[in-house]
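Here is the structure we will look at, set down as structure tokens.
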Amino acid sequence: HTPPLQGFRLVPGRFDRSAQEALRDAIRAIVVAAPLYRPSMPRTGKPFSVRMTNCGVLGWVSDQTGYRYQPTHPVTGEPWPAIPPMLLDLWRELADYPEPPEACLINFYDADARLGLHQDADEEEFAAPVLSVSLGDTCLFRIGGTRRSDPTRSIRLASGDVVLLGGEARLAFHGVDRIYPATSTLLAQGGRINLTLRRITKPA
Ligand code: MD3
Ligand code: FE
């Protein structure tokens, strides 16, 4: 038995199939302008199994020198594309935060990709929630408490599900343990896309 985590909210099936298709197509256009790339871990340079890109005025990147948010794509040097209006609408509906998100990290998982247990702490503004949208194949998501040693629980996230991480949950350790192949037909080549909307800076 694991205690409930304050500030964690799952909205299952928030996007229906036609909205998922619209989001998928918007992400496809973003990926044409800002290609998925494989980040590497600070210090070790070990490649992530997840491929990433971003939209928004800032994007999260990782390389051998560290993690950071920056205004341009690390490979093309171009500014990140704009966040699609559907996602800005979702943030206004659920985030309970007065300013728009600055970053939308786009993670792409093939059947073998994983994301180890970590905390999201590269932002300045922890008063804003993180808002996540899952598309494509179902994953097994794991979330614990604010200490790495805290007990964790696992939930499946399916295409169209939205998760809001605010309050205490904003600093919870979390990760993606596995992808369940061929559990969705949204992406012709299979795999899973996760979008995370974030506020990075404190409003002026
Ligand atoms: C809990 N992404 O991009 S989304 C990440 O499915 C990340 O791609 C995972 O962890 C994914 O950093 C999980 C759900 C999520 C996102 C941010 C969180 C859970 C979170 C921030 C704090 C606590
Ligand atoms: Fe995270």
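Going by our numbering, the sequence shown opens with residue 4, and the numbers climb by one from there. The beta-carbon is built from N, C-alpha and C at its ideal position, and this holds for glycine as well.
Asked	Found
Distance, Asp115 Cα to Gln192 Cα	14 Å
Rounded Cβ spacing between Glu127 and Thr204 (contact assumed at less than 8 Å)	6 Å
Thr199 beta carbon less than 8 Å from that of Leu134	yes
Per DSSP, the bridge partner or partners of Thr56	Ile109
Contact test: Asp123 Cβ vs the ligand MD3 heavy atom, cutoff 7 Å	yes
Residues of its chain near Pro74, where Cβ-Cβ distance is below 8 Å and the 5 sequence neighbours each way are ignored	Val60, Leu61, Gly62, Pro82, Trp83
Sufficient close CB pairs (3 or more, under 8 Å) joining the segment 176–186 to the segment 23–38	no
Integer-rounded CB distance, given that Leu8 should sit under 8 Å from Glu171	6 Å
Sufficient close CB pairs (3 or more, under 8 Å) joining the segment 156–167 to the segment 106–113	no
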